[in-house]
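In this text, residue positions in the sequence shown follow UniProt numbering: the first is 1, and each later residue adds one.
What follows is a set of notes on a single structure, which appears directly below.
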Amino acid sequence: MAIDAKPRMERQPGSGIDVLVAGAGLGGMFAAIELYRQGHNVRIIEAKPEIEGLGDFVGIAPSATRQFKKWPGMAETYRNIIYRPSLALYKHDGELIGGPFSIKEGIDHIPTPVSRPKLIDSLFAYVCSLGIPIAFGKRIVDYYEDLSRKKAGAITDDGEHIEADLVIAADGVGSMSWKSVSGESTKPKSSGFSVYRVAYPTKLAFEDTEVAKSFASLDYGDDICRVYLGHNTHGIVLVSKDTTTWFLTHKDQKRTAEEQWSRGLDASDVLDTLERLDAGMKWDESYLGVIKQTPPKAVTDYKIMWRNPNPKWVSEGGLILQLGDSAHSFLPTSANGATQAMEDGISIAACLKIAGREEIPLATRVHVALRFERVACAQRSGFKNREKWHHTDFEEAKKNPEALVMQVGKWINMHDPEAYVYQNWDQCVDHIENGASFTNTNTPSGYEYKAWTIDELLNASIEEKEIADPGDWS
1 MAIDAKPRME RQPGSGIDVL VAGAGLGGMF AAIELYRQGH NVRIIEAKPE IEGLGDFVGI
61 APSATRQFKK WPGMAETYRN IIYRPSLALY KHDGELIGGP FSIKEGIDHI PTPVSRPKLI
121 DSLFAYVCSL GIPIAFGKRI VDYYEDLSRK KAGAITDDGE HIEADLVIAA DGVGSMSWKS
181 VSGESTKPKS SGFSVYRVAY PTKLAFEDTE VAKSFASLDY GDDICRVYLG HNTHGIVLVS
241 KDTTTWFLTH KDQKRTAEEQ WSRGLDASDV LDTLERLDAG MKWDESYLGV IKQTPPKAVT
301 DYKIMWRNPN PKWVSEGGLI LQLGDSAHSF LPTSANGATQ AMEDGISIAA CLKIAGREEI
361 PLATRVHVAL RFERVACAQR SGFKNREKWH HTDFEEAKKN PEALVMQVGK WINMHDPEAY
421 VYQNWDQCVD HIENGASFTN TNTPSGYEYK AWTIDELLNA SIEEKEIADP GDWS
C-alpha cells in the first residue's frame, strides 16, 4: 500500500505555521495531510506504541472523500479499499422490507462504507510518504498555551513538553484538552445503548453451510449489507469476499458513563443479551448464524455515550483546538462521526492558510464559528436516524424503504468544507470582530439552528414523541 505522494502533491507556499496534531486516528492523520497540503509545518504524536488498525468499517461521506482528488494517488487507493454493497432492509425475523439496493456507483454522492483498518493503514502510508513526522508512545496528560510566546504545548506522561504555534487535540473523547478549552470536564451521559461489533474472515462465517448459502451469492456481484430492525434494537451484517462484519445495537442495562470498549467477549454473550433484552423477538437465522460463527473472545461491546453539543472547541488564547471526537462525539446511526472529523481537518487547514501565522487565534475562532452548527445538526440527525430504525412501522416502511436507507442528507454529502471557508471568511471575521450579522448555510435548508440538549431528545424518545424539525434534511 505504499504511496509516493510527496513529489506530486500540489502543496501551497509555506505559511511558517508549526502545528502539532495529537492523535493518529482517522481525523488526526487526515488533518495532518491537509495541513501539509496547505503549506503548514505539521507533526503528529500518538499515545499508542504503533498505528492501531482495529475496528470494522465506517461510512464516510463525499464531503470528506472528495478531498482525496487533491492528494495524488489517494483517490485510487480509496476506491480499492471501499466496500461496494447492495443493501437490504429486513425485519428482525428475516422478513424483507426493501431492497437490495445497489450503491456501488454512489461513491461521489452518498456515504460509502470502508474498512477502517485499511483506511487507517492508507492514511498512515500517505503521512509517511509526505515525510510528516509521527512519534508513538506519547500519552498526553495535559495541554497548555503561553500567550506571551504565542506557543501552545502538550505534556506527556513522562514530563516531556512538546510545543507548536497551534496544537490540535485529535485524541478522542477522553482528551485532556478540556482543561484548557472549557476549564471543566463535560460528563458524558449514557445514551441507554451499547453496540456489539466485530470483524472476522468470511471463510470462518462460511464454515456454516446455511450462512454460506444465504450470503455466498452476492447480490449484483457486490458485497452484501443487511440491516435488521427491531424494537429498540438493530443489527447490521456486511459480508465481502474477505471480511464479515456484524453489529448489534442494544439496550445497555447498566447505563454507566464508561467511555470504553469491553473487549474479549464471545458470541454466547451476545446471544444471551438477545434472549434477555428481547424476549419474544425472533431473529433471522442467517443473522444469528453469522454471530455464532464469530471466533472466541473477538466481540467488542462499546458503551454509546453522549455529550451535549458544545460550541467551545478552542482555548481562550486560540492556540489549542479540539478536532473530531474530542470536540463532538456521534452516535453510530449518524454515519457521520468520521466524516465530520475529516471536514474539521479540511476547514482548519484552510482557515490557517488565509489567516497566516500572526492571526492563528482568529483562524481557530472562524473555524469553530463555521463548523459548530453544522456538526450539531449532524449529531441531531444521528439521534433521529436511530429513532427511525428503532420504532419502525414495518407496513409503512415497505411502501418507501428508501426512506430508511438514505440516512445522510444532501446537505452533508454535497458540502465542500474548503470552498465554504473561502466563501465565508470575510463575513465570518466581520461577525466575530464587529458583531455583524452572519448566518451559516452549511446546515439543512430552511432550518434555523437552536441550541438543544441530550435530555430533550432522550425525553422525547421515552415519551415516543416524533422529533420533527423544519427544513430539508433529506
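We put the beta carbon where it would ideally sit given N, CA and C, even for glycine.
Report yes if the C-beta of residue i is less than 8 Å from at least one heavy atom of the ligand SAH; otherwise report no.
{"i": "V181", "result": "Annotation note on the ligand SAH: not contained in the displayed structure, which lists no ligands."}
Report buried or exposed for residue i, applying the criterion of at least 16 other Cβ atoms within 10 angstroms of its Cβ.
{"i": "S15", "result": "buried"}
{"i": "K138", "result": "buried"}
{"i": "H391", "result": "exposed"}
{"i": "L96", "result": "exposed"}
{"i": "F330", "result": "buried"}
{"i": "K465", "result": "exposed"}
{"i": "E456", "result": "exposed"}
{"i": "F247", "result": "buried"}
{"i": "R226", "result": "buried"}
{"i": "A257", "result": "For A257, the predicted model reports a pLDDT of 43, less than 50, meaning its position is unreliable; a value from the coordinates is still stated below. Result: exposed."}
{"i": "Q423", "result": "exposed"}
{"i": "G337", "result": "buried"}
{"i": "E418", "result": "buried"}
{"i": "I236", "result": "buried"}
{"i": "S86", "result": "buried"}
{"i": "E50", "result": "exposed"}
{"i": "N434", "result": "exposed"}
{"i": "N80", "result": "exposed"}
{"i": "Q379", "result": "buried"}
{"i": "I462", "result": "exposed"}
{"i": "L54", "result": "exposed"}
{"i": "A451", "result": "exposed"}
{"i": "M414", "result": "exposed"}
{"i": "E343", "result": "buried"}
{"i": "K353", "result": "buried"}
{"i": "L238", "result": "buried"}
{"i": "L147", "result": "exposed"}
{"i": "G183", "result": "exposed"}
{"i": "R66", "result": "buried"}
Report the partner residues of residue i according to the DSSP bridge assignment.
{"i": "R43", "result": "L20"}
{"i": "R197", "result": "F247 and T300"}
{"i": "V314", "result": "L321"}
{"i": "I224", "result": "S86 and V239"}
{"i": "D272", "result": "Looking at the DSSP assignment, D272 forms no beta bridge with any residue, so it has no partner."}
{"i": "S445", "result": "D472"}
{"i": "T233", "result": "G230"}
{"i": "F305", "result": "Residue identity check: residue 305 is Met in the sequence provided, not Phe. DSSP output for M305 lists S190 as bridge partner(s)."}
{"i": "L265", "result": "V299"}
Can you tell which of the options has the C-alpha that lies nearest to the C-alpha of residue i?
{"i": "K410", "options": "W473, D469 and G55", "result": "W473"}
{"i": "F57", "options": "V198, L458, D146 and S115", "result": "S115"}
{"i": "S191", "options": "K303, R43, Q67 and D146", "result": "K303"}
{"i": "P100", "options": "C377, H328, G318 and D223", "result": "D223"}
{"i": "residue 531", "options": "K241, T364 and F193", "result": "Residue 531 cannot be examined here, being either before or after the span of the chain that is shown, 1 to 474."}
{"i": "V405", "options": "N41, Y200 and I110", "result": "I110"}
{"i": "G289", "options": "I51, D93 and P332", "result": "D93"}
{"i": "V21", "options": "P13, I103 and A135", "result": "A135"}
{"i": "G98", "options": "G23, D469 and E402", "result": "E402"}
{"i": "D269", "options": "L54, Y196 and N308", "result": "Y196"}
{"i": "K282", "options": "R66, A47 and Y90", "result": "Y90"}
{"i": "W178", "options": "D252, L147, S326 and T244", "result": "S326"}
{"i": "Q38", "options": "E10, G25 and I60", "result": "E10"}
{"i": "D121", "options": "R149, T294 and G25", "result": "G25"}
{"i": "I454", "options": "G59, W306 and H234", "result": "W306"}
{"i": "G318", "options": "T244, L458, T233 and Y144", "result": "Y144"}
{"i": "residue 478", "options": "P332, R365, P309 and E46", "result": "As displayed, the chain neither begins before 1 nor continues past 474, which places residue 478 out of reach and without an answer."}
{"i": "F394", "options": "G230, L147 and C351", "result": "G230"}
{"i": "E207", "options": "I44, I291, R8 and T300", "result": "I291"}
{"i": "G59", "options": "P117, A154 and N41", "result": "P117"}
{"i": "V42", "options": "V19, F30 and E52", "result": "V19"}
{"i": "I17", "options": "E387, A75, K151 and I412", "result": "K151"}
{"i": "R8", "options": "A468, L130, P296 and T243", "result": "L130"}
{"i": "D284", "options": "T249, Y228 and T244", "result": "Y228"}
{"i": "P296", "options": "E76, G324, G280 and V198", "result": "V198"}
{"i": "Q12", "options": "M29, H40 and G28", "result": "H40"}
Which runs of the alpha helix (DSSP H) fall wholly inside the region 49-111 and span at least 4 residues, in chain order?
62-65 and 74-81
Inspect the CB distances between the region 383-398 and the region 356-367 and report whether three or more fall short of 8 Å.
-> no
Any chance you could list the alpha helix (DSSP H) runs of at least 4 consecutive residues sitting entirely within the region 114-191, in chain order? 116-129 and 178-181
- How about the region 364-379 and the region 311-323: do they share at least three Cβ pairs that are nearer than 8 Å? yes
Between the region 437-446 and the region 138-148, are three or more C-beta pairs nearer than 8 Å?
Output reads no: the region 138-148 does not touch the region 437-446.
Do the region 162-171 and the region 67-74 touch if we need at least three Cβ pairs shorter than 8 Å? Short answer: they don't touch.
- [ ] Would you mind listing the alpha helix (DSSP H) stretches within the region 358-398 that are 4+ residues and don't spill past its ends, in chain order?
- [x] 360-390
The region 28-38 contacting the region 343-352, beta-carbon criterion three pairs below 8 Å:
yes
ask   = Would you call the region 146-164 and the region 208-215 in contact, with 3 or more CB pairs under 8 Å?
value = no
| said: Taking 8 Å as the cut-off, does the region 264-281 touch the region 117-127 (at least 3 CB pairs, one atom from each stretch)? | reply: no
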